[in-house]
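In our numbering, the protein residues as written are 58 to 167. In what follows, a structure is listed as structure tokens, so that the remarks can point back to it.
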Amino acid sequence: LVLLRKAEDWSYECEWRLIGKRGSQDSLLELEEIIFGIRCDVAVKFAVVQALAGRQRPVSFYEMHEDQGTFDLRRREVDIDELSASLPRRSRQYIDAFSDLSDIPSPGGT
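Below, the structure is given as structure tokens:
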């Protein structure tokens, strides 16, 4: 259900808000791009990018930044490789890290 639009001052953004119980069902609307706000945490950006990776129709990711020397905000494309490189990586999948624990003998030798 498309219920609300942003305030008239923000109408140039053409942003629609969908409110409803769609769950994991596909939407009739195609997501084209996501623009992260200037204070959006890098971990949030990474989580969103990862959640939408591998979609049949790719999503473009942008972030807002301040234009040096002005009060203007500018949009720039998110460098996915740089974003991924900036976060710590784990060496193995969680399940793999504990899979060999079954080889450890139980206390008392049983």
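Built from N, CA and C at the ideal position, the CB exists for glycine as well. Every value quoted in this text rests on a predicted model; they were computed, and no experiment measured them.
| Check | Outcome |
| --- | --- |
| For residue 140, I'd like the list of residues in its chain whose CB is within less than 8 Å of its CB, leaving aside the five on either flank, ordered along the chain. | 99, 102, 103 and 106 |
| Nearest CA to the CA of residue 93: which residue from 124, 125 and 119? | 119 |
| How far does the beta strand (DSSP E) with residue 87 in it extend, from its first residue to its last? | Per DSSP, residue 87 belongs to no beta strand (DSSP E) and is neither H nor E. |
| Among 128, 122 and 133, whose alpha-carbon lies nearest the alpha-carbon of residue 96? | 122 |
| Quick one, are the C-beta atoms of residue 134 and residue 116 less than 8 Å apart? | no |
| What is the DSSP secondary structure of residue 58, reduced to helix, strand or coil? | Note that residue 58 has pLDDT 38, beneath the 50 cutoff, so the model's placement of it is unreliable and no number is given. |
| Between which two residues does the beta strand (DSSP E) harbouring residue 65 extend? | Run containing residue 65: none; DSSP gives neither H nor E here. |
| Could you give the distance in angstroms between the alpha-carbon of residue 143 and the alpha-carbon of residue 65? | 37 Å |
| Could you check which residue in 91, 112 and 126 has the C-alpha nearest to that of residue 132? | 91 |
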